[in-house]
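Oh and the sequence shown: position 139 is 223 in our numbering, straight run, nothing missing. We put the CB at the ideal spot given by N, CA and C, even for glycine. Taking it in order: structure first as structure tokens, then the write-up.
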Amino acid sequence: MPYFVNSANIYSMSKMQIKQIDKIDLDDIMEIETLTYPNHHWSKASFENEIENKLANYKCAITSKGIITGFYGFWQILEEAHITNIATHPDYRKKGVATFLMLDLVNECYKKMIKYITLEVRESNIPAISLYDKFGFSTIGTRKNYYQDNNENALIMFTENIWYDKFKTNYNKIKEDFNGR
Ligand SMILES: CC(C)(COP(=O)(O)OP(=O)(O)OC[C@H]1O[C@@H](n2cnc3c(N)ncnc32)[C@H](O)[C@@H]1OP(=O)(O)O)[C@@H](O)C(=O)NCCC(=O)NCCS
């Protein structure tokens with residue numbers, strides 16, 4: 085039986101909201117992007133292309149005062165989602181923003197009947213690796229010298245099938261904990 089998560093339940097206790105990224109949001113997205121990656125960030129034109137891309141899904145978290153605190157993007161390639169970006173504004177880190185974004189990202193994957201979620205992450209990026217661990221991702225391989233700025237290796241992380249009970253149980257637990265905050 086299809087498993088859909090009711091978005092309203094996810095965010096009922098949250099002061100945050102989530103919305104599709106529009107062109108009007110891109111200055112705020114670029115602020116997060118440039119603060120996060122001062123020397124190797126995406127250009128505004130790249131984000132403009134991404135939000136026009138039919139395979140791409142870009143959404144952001146906003147406070148009740150309309151402040152964009154973080155965003156994510158993924159591409160759907162058949163039954164896989166490839167996470168291209170997830171970032172929280174440095175002023176709002178360690179407050180659950182990325183958890184909120186990941187809850188929505190996985191929910192979008194259920195709605196699109198996606199089975200697996202994957203991404204690449206710098207092997208030194210402990211906050212991001214911990215975030216993905218929390219959501220049930222495992223490291224399945226390494227891309228040597230993947231990042232051109234410093235030749236750092238990338239870890240390739242994958243979920244199991246997100247429709248399996250183990251993944252769903254963990255996902256629902258994170259959602260309940262988040263709503264209970
Ligand atoms: C990774 C990142 C998105 C986390 O965002 P955040 O909003 O601070 O994350 P949350 O507060 O929702 O925390 C979620 C989980 O992430 C992990 N985490 C977040 N910050 C961490 C840190 N400084 N050290 C270790 N783990 C951390 C923890 O597992 C945490 O779960 P917990 O609160 O149950 O311990 C944020 O640090 C960021 O924007 N980093 C720069 C961009 C980036 O590296 N993106 C990933 C590219 S692959």
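- Count the other CB atoms, across all protein chains shown, that sit within 10 Å of the CB of Glu115; report buried if there are 16 or more and exposed otherwise. exposed
- Query: Helix, strand or coil for Cys257 per DSSP?
  - Reply: This sequence places Lys at residue 257; Cys is not what is there. It is helical.
- Item | Distance cut-off 8 angstroms: Tyr176 Cβ against heavy atoms of ligand 1 | yes
- Item | Cα-Cα separation, Asn234 to Ala212 | 18 angstroms
- Item | Contact test: Ala129 Cβ vs ligand 1 heavy atom, cutoff 8 angstroms | no
- Query: Looking only at DSSP bridge pairs, what is Met241 linked to?
  - Reply: Leu203, Thr223
- Query: Candidates Ile246, Asp111, Lys250: which alpha carbon is nearest Lys195's?
  - Reply: Ile246
- Message: For a test of the three-state rule: what should DSSP assign to Thr168, helix, strand or coil?
- Response: strand
- Message: Could you check whether the Cβ of Phe184 sits closer than 8 angstroms to any heavy atom belonging to ligand 1?
- Response: yes
- If Thr226 and Leu239 are in contact, beta carbons under 8 angstroms, what's the gap, nearest whole angstrom? 6 angstroms
- Message: Just to confirm before moving on: does the CB-CB distance between Thr202 and Ile258 stay below 9 angstroms?
- Response: no
- Query: When burial is assigned at 16 or more other CB atoms within 10 Å of the CB, is Lys103 buried or exposed?
  - Reply: exposed
- Select from Thr172, Gln232, Glu136, Ser148 the residue whose C-alpha is nearest the C-alpha of Asp112. Thr172
- Query: Which class does Lys138 belong to by DSSP, given the choice of helix, strand or coil?
  - Reply: coil
- Query: Which two residues bound the contiguous alpha helix (DSSP H) that contains Thr118?
  - Reply: 110-120
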